[in-house]
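**Student:**
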Amino acid sequence: MKKVKTAQELKNLQEEIKNSRDPEKPCITICAGTGCLTYGSQKLVDNFRAEIEKQNLKGKVEVRASGCHGFCERGPLVVINPQNIFYQRVGLDDAEEIIKETVLNGQIIDRLLYVDPVTQEKILHEDEIPFYKRQMRLVFGMNGNIDPNSLEDYLAIGGYSALIKVLNGMEPEAVIEEIKTAGLRGRGGGGFSMGLKWEATRKAPGLPKYIICNADEGDPGAYMDRSLLEGNPYSILEGMLIGAYAIGSDTGYIYVRNEYPLAVKNITIAVDKARELGILGKDILGSGFDFDVLIVRGGGAFVCGEETALIASIEGRSGEPRAKYVFPSERGLYNKPTNINNVETWANVPLIINKGAEWYRSIGTENSKGTKIFALVGKINNTGLVEVPMGITLREIVYDIGGGIPKGRKFKAVQVGGPSGGCIPESHLDLQVDFDALSKVGSMMGSGGMIVMDDRTCMVDVALYFLKFLEEESCGKCTPCREGVHQMRLILERITEGNGKEEDLKTIEWMGKAIIDGSLCGLGATAPNPVLSTLRYFRDEYEAHIKEKRCPAGVCKALITYTIDPELCTGCMVCAKICPVEAATGEKKEVHTIDQDKCIKCGACFESCKFDAVKVS
Amino acid sequence: MAEMVSLTIDGLKIHAPAGTTILEAATDANIYIPHLCSNEELAPYGACRLCMVEITQGERARLVASCIFEVADGLEVKTNTERVLNVRRLVIELLLARNNKHPALRKIADELGVKETRFPIEQKGCILCGQCVRTCREVVGVSAIGFSGRGITRKIATPFMESPPNCIACGSCVYVCPVQVIPMKEENGVRTIMKYDYPMQKCRKCGQYFAPKKQLEYFSKITNLPLEHFETCVDCR
């Protein structure tokens, strides 16, 4: 691409690309986000391309491999434009049929349409599907419209317009004011005002100033930052460019975990293309503003998502946090004023500049503006990434968008905010989700992980799982986090093994408070949350484990036995076949039994019995 | 002269030079705050969390590590609130689980009214205050030892768990350890630290072993003086 030297040239280029594209030209968009790729969608992309060649349709039909569309549960996803036909669970060999039937003949392939599970109606268009209908996909929605490796695609949908606007006469202070007025708060966990952070960094003495994009997303189950980087790296770059201009920074870093190879690849390509075009480098668009971006790959330590540990890691030291009594905005990377924000926060910036702070403020609640992307996972029908306006209720997310709990089971809790978030029970399902409301109920926004649990989830076991994760990911620098979380995990483990003591709950609560108060960084200071929140809402379950040596959800192996109800057993032999240790035995059409000495409590018989004859007690 | 600021610690009005930490200011005013990882020769680290204090700035009260947090005008510090004591009690109980014998830890436990830890004794000895690692890096300047592993598997280690090539056998790590868990002995002209041997130098005059050879080589290197210059013991000079 030819270098653009002025904002006008970039604008002209945008127009040129836009005009060269025929909106009526058929375009097949295949989701090539991480979820769909694991279904094999790359093969599907190849098949579509081969089919286009074969049928001599090159130049007449576009094939686009886009980033994540969010509806991962139903992948691989294919969208046919201009009609906006939405196909889901597309077979890898369906390319030929889709081109022949739908693209060339306008025929709908019935079996690939989404079926509304409630009405049993087939739905033709993406935006009519309940999963999408209740969302507000301002940041994430663009993913479907661009090939992440095509700068032209981004320009065609008006990309870099915000940069043009800013460099076309907006003073840095005015940019900061706009972001402040918009009320954008950090999407990475802290929820601090982005505008205030920009302002502090701009005003802090010392040069150079640095900006950092924190793409060290590490929460189990959360992948929205990954999908943004993979699907629309340009919007993040544009956000960073605007931030750098406002702050007065000439160097930015993107710290992305190496376990996200596609994200690393796509952002690297985006940076290279931006340099080629002249929107990264010296004297950007003739404005005198210099800025470039370096990509640093993280080694996969969860704690490196903590900003001071991340900074240490960029500097080449081990990723250990330091006390934040002086903020990075004063002394950050290489002791210089540094602004650090998460991927999703950066991606919100162009939106605010383009549409204005007032528009942005109109979305959300009093103190939480805009939208938030959540990774909706766990025991939920529609697993995927959902972008919703702040203030939407948990019930709407879980039931209207998420489609409720699979197999008609009962909702029990939703863990919000990643491993150090908190579990929210059914009684709070009508909670309007925003930063403050989540804190109030003992959870947090965190990075936006949402793990839904049904009635077959043991809350002690869940707390233990998260604690184990945090124990392993603690850097080990400070005592409360390193030793405290470890000892707390041992206590929880004892409880799930049936060796809990009456005083354990008191000990855990006391420890929890002291760990929160005493830890050096946010990891330790939030580590007890999963334990404290489950204790707050599900104390009876802890008590059942300790006093009655019983796991009410039937999960903790030491406390359960599997037996077969002779009334219900049909002697179908399925349990005997599936049992890995030959504990379940019996003759055909005769009642089966489980040998308790052999049983390893894997639950395979329970899961496989079609007659509900296997009982947990 | 540094600018002075005034603050209160436990109700006592105190003046301290700007830039000093609460711990330093308190110590100067004879107010005791327990601590294990802080050492005035080393950069503030804030890892053991024993020296936590409660501060009020404006309306908000919060806990900070007094070994790092710097004094400021109008700062109100309380060293003994229930919140503070709870953190300290937890920390000392957790450290006792690593080492329930050393008098330095027992003394702090006694002061906090902690008789015994409620956690299973793991008796690891080292409390990971990091003073050895930081002294080796910041004072000696050789970084012969460091931390390995993370979380509960963190330990003090040499590179690749082998004899540390940078070690000059000065023994500073041994000296600085508050719980004396780094073994060092000298026998037949060999100093042994942890499990690694370092030959000693005989004094050119009296013939007594007096210092590790590697330490003298290091002196020679950093001072740019010939090695022979250092091969005489202090007594014979």
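Line order of the protein sequences matches chains A and B. So in the working numbering, the last spot in the first sequence is 635, and the numbers never skip. So in the working numbering, the last spot in the second sequence is 562, and the numbers never skip. Even for Gly, the Cβ is constructed at its ideal location relative to N, Cα and C.
If you compare alpha carbons, which of E324(A), R220(A) and Y263(A) is closest to G636(A)?
**Tutor:** Outside the shown range of chain A (19 to 635) lies residue 636(A), about which nothing can therefore be said.
**Student:** Could you list which residues in chain B have their beta carbon closer than 8 Å to that of T326(A), in chain order?
**Tutor:** Taking the first sequence and counting its residues from 1, the one referred to as residue 326(A) is at position 308. Within chain B, no residue comes near T326(A); the closest Cβ sits about 11 Å away, beyond 8 Å.
**Student:** Figure out for me which residue from E294(A), Y178(A), N276(A) and K283(A) has the closest Cα to the Cα of L259(A).
**Tutor:** Looking up residue 259(A) in the first sequence gives position 241. Among E294(A), Y178(A), N276(A) and K283(A), the Cα nearest to that of L259(A) belongs to Y178(A).
**Student:** Which chain B residues are close to K476(A), counting only those with a beta carbon under 7 Å from its beta carbon?
**Tutor:** Locating residue 476(A) in the first sequence gives position 458, counting from the first residue. Note that residue 476(A) corresponds to Cys in the displayed sequence, not to Lys. Here the premise fails: no neighbours, minimum Cβ distance about 24 Å.
**Student:** Are any of the Cβ atoms in chain B nearer than 9 Å to that of L508(A)?
**Tutor:** The sequence position of residue 508(A) within the first sequence is 490, counting from 1. It does; some Cβ of chain B falls within 9 Å.
**Student:** In the DSSP output, what is S331(B) paired with across the bridge?
**Tutor:** The residue given as residue 331(B) occupies position 6 in the second sequence. DSSP lists H340(B) as partners of S331(B).
**Student:** Output the boundary residues of the beta strand (DSSP E) element that contains G270(A).
**Tutor:** Residue numbering aside, residue 270(A) sits at position 252 when the first sequence is read from its first letter. Run containing G270(A): T269 to R275, per the beta strand (DSSP E) assignment.
**Student:** Would you list the residues sitting across from A699(A) in a DSSP beta bridge?
**Tutor:** Past the boundaries of the shown model lies residue 699(A); chain A is included only from 19 to 635, so the question cannot be answered.
**Student:** For the 8 Å Cβ check, are there 3 or more pairs between the region 465-478 of chain B and the region 491-506 of chain A?
**Tutor:** Short answer: they touch.
**Student:** Could you give the C-beta distance for K185(A) and A431(A), rounded to a whole number, given that I count them as a contact under 8 Å?
**Tutor:** For the purposes of this step, residue 185(A) is identified with residue 167 of the first sequence, where counting begins at 1. For the purposes of this step, residue 431(A) is identified with residue 413 of the first sequence, where counting begins at 1. The amino acid occupying residue 185(A) in the given sequence is Leu; Lys does not appear at that position. About 48 Å; that fails the 8 Å criterion.
**Student:** On a Cα-Cα basis, can you pick out the residue from G124(A), D301(A), K215(A) and Y252(A) that is closest to N163(A)?
**Tutor:** As a first step, residue 163(A) must be located in the first sequence, where it is residue number 145. Checked all of G124(A), D301(A), K215(A) and Y252(A); the closest Cα to N163(A) is Y252(A).
**Student:** Determine the DSSP secondary structure at H427(B), reduced to helix, strand or coil.
**Tutor:** If you number the second sequence from 1, residue 427(B) lands on position 102. Of the three classes helix, strand and coil, the one that applies to H427(B) here is coil, per DSSP.
**Student:** List the residues of chain D whose Cβ lies closer than 9 Å to the Cβ of E491(A), in chain order.
**Tutor:** Among the protein chains in the structure shown, which are A and B, there is no chain D.
**Student:** Terminal residues of the continuous alpha helix (DSSP H) containing G257(A)?
**Tutor:** Here residue 257(A) refers to the residue found at position 239 of the first sequence. Residues P251 to I265.
**Student:** Just how far apart, CA to CA, sit K619(A) and V97(A)?
**Tutor:** Within the first sequence, numbered from 1, the residue matching residue 619(A) stands at position 601. Within the first sequence, numbered from 1, the residue matching residue 97(A) stands at position 79. Using only the alpha carbons, I get a separation of about 44 Å.
**Student:** For A327(B), go through chain A and note every residue whose CB falls closer than 9 Å to its CB, in chain order.
**Tutor:** Along the second sequence, read from residue 1 onward, the residue named residue 327(B) stands at position 2. What A327(B) touches in chain A: nothing, since even the nearest Cβ is about 18 Å away.
**Student:** For V412(B), would you say it is in contact with chain A, using Cβ-to-Cβ distances shorter than 9 Å as the test?
**Tutor:** Translated into the one-based positions of the second sequence, residue 412(B) becomes position 87. Yes, contact with chain A.
**Student:** Compare the C-beta of A481(A) with all C-beta atoms of chain B and state if any pair is closer than 9 Å.
**Tutor:** Along the first sequence, one-based indexing puts residue 481(A) at 463. It does not; no Cβ of chain B falls within 9 Å.
**Student:** Rounding to the nearest angstrom, what Cα-Cα distance links G344(B) and I313(A) in this structure?
**Tutor:** Locating residue 344(B) in the second sequence gives position 19, where the first residue counts as 1. Locating residue 313(A) in the first sequence gives position 295, where the first residue counts as 1. Spanning the two alpha carbons is a distance of roughly 36 Å.
**Student:** Taking A532(A) as the query, report the chain B residues whose CB atoms sit under 9 Å from its CB, ordered along the chain.
**Tutor:** Here residue 532(A) is taken as the residue at index 514 of the first sequence, counted from 1. Simply R408, N411, V412, R413, R414, L415 and V416.
**Student:** For E348(A) versus P355(A), is the C-beta spacing smaller than 9 Å?
**Tutor:** As a first step, residue 348(A) must be located in the first sequence, where it is residue number 330. As a first step, residue 355(A) must be located in the first sequence, where it is residue number 337. Contact: yes.
**Student:** Does chain A have any CB closer than 9 Å to the CB of V389(B)?
**Tutor:** In the second sequence, counting from the first residue as 1, residue 389(B) sits at position 64. Yes - at least one Cβ of chain A is within 9 Å of the one on V389(B).
**Student:** Since C617(A) and A601(A) should fall inside the 8 Å C-beta cutoff, what is the C-beta to C-beta distance between them, to a whole number of angstroms?
**Tutor:** The residue given as residue 617(A) occupies position 599 in the first sequence. The residue given as residue 601(A) occupies position 583 in the first sequence. That belief holds up - the Cβ atoms of C617(A) and A601(A) are roughly 4 Å apart, short of 8 Å.
**Student:** Taking a Cβ distance cut-off of 7 Å, strictly less, list which residues of the region 541-564 of chain A are near chain B, in chain order.
**Tutor:** Listed by position, the residues of the region 541-564 of chain A near chain B (Cβ gap below 7 Å) amount to none.
**Student:** What residue range is occupied by the uninterrupted beta strand (DSSP E) comprising L312(A)?
**Tutor:** Taking the first sequence and counting its residues from 1, the one referred to as residue 312(A) is at position 294. It spans D310 to G316 - the beta strand (DSSP E) in which L312(A) sits, taken as one unbroken run.
**Student:** At the 9 Å Cβ level, is K495(A) part of the contact set with chain B, yes or no?
**Tutor:** Here residue 495(A) corresponds to residue number 477 of the first sequence, with the count starting at 1. Chain B, which has a Cβ nearer than 9 Å to the Cβ of K495(A), makes this yes.
**Student:** Count the other C-beta atoms from every protein chain shown that fall within 10 angstroms of the C-beta of F320(A), then say buried if there are 16 or more, exposed otherwise.
**Tutor:** Numbered from its first residue, the first sequence carries residue 320(A) at position 302. Its Cβ being crowded by 16 or more others within 10 Å, F320(A) is buried.
**Student:** To which residues does DSSP link E511(B) through a beta bridge?
**Tutor:** Here residue 511(B) is taken as the residue at index 186 of the second sequence, counted from 1. E511(B) is bridged to R516(B).
**Student:** So, helix, strand or coil for I141(A), using DSSP?
**Tutor:** Residue mapping note: residue 141(A) aligns to position 123 of the first sequence, counting from 1. Correct three-state label for I141(A): strand.
**Student:** So with CB distances below 8 Å, who are the chain A contacts of A351(B)?
**Tutor:** For this step, residue 351(B) is matched to residue 26 along the second sequence. The premise fails here: A351(B) is roughly 16 Å from chain A at the closest Cβ pair, so nothing lies under 8 Å.
**Student:** Step through the CB atoms of chain B and report whether any lies within less than 9 Å of the CB of T525(A).
**Tutor:** Within the first sequence, residue 525(A) is the residue found at index 507, counting from 1. Answer yes: the Cβ-Cβ gap between T525(A) and chain B drops below 9 Å somewhere.
**Student:** Any C-beta of chain A within less than 7 Å: which residues of the region 345-371 of chain B qualify?
**Tutor:** Listed by position along the chain: G371.
**Student:** Alpha carbon to alpha carbon, how far is A375(A) from T199(A)? Give it in angstroms, no decimals.
**Tutor:** One-based indexing of the first sequence puts residue 199(A) at position 181. One-based indexing of the first sequence puts residue 375(A) at position 357. Cα to Cα, T199(A) sits roughly 6 Å from A375(A).
**Student:** When you compare only the Cα positions, how much space is there between G573(A) and G426(A)?
**Tutor:** Start at 1 with the first residue of the first sequence, and residue 573(A) comes out as number 555. Start at 1 with the first residue of the first sequence, and residue 426(A) comes out as number 408. First, the amino acid is wrong: residue 573(A) is Val here, not Gly. Approximately 19 Å, taken between the alpha carbons.
**Student:** Could you tell me which chain A residues have their CB closer than 8 Å to the CB of F394(B), listed as they occur along the chain?
**Tutor:** Along the second sequence, read from residue 1 onward, the residue named residue 394(B) stands at position 69. Here the neighbours are A341 and Y343.
**Student:** The ligand SAH and N513(B): does any heavy atom of the ligand fall closer than 8 Å to the residue's C-beta?
**Tutor:** Among the ligands in the structure shown, none appear at all, so the ligand SAH cannot be discussed.
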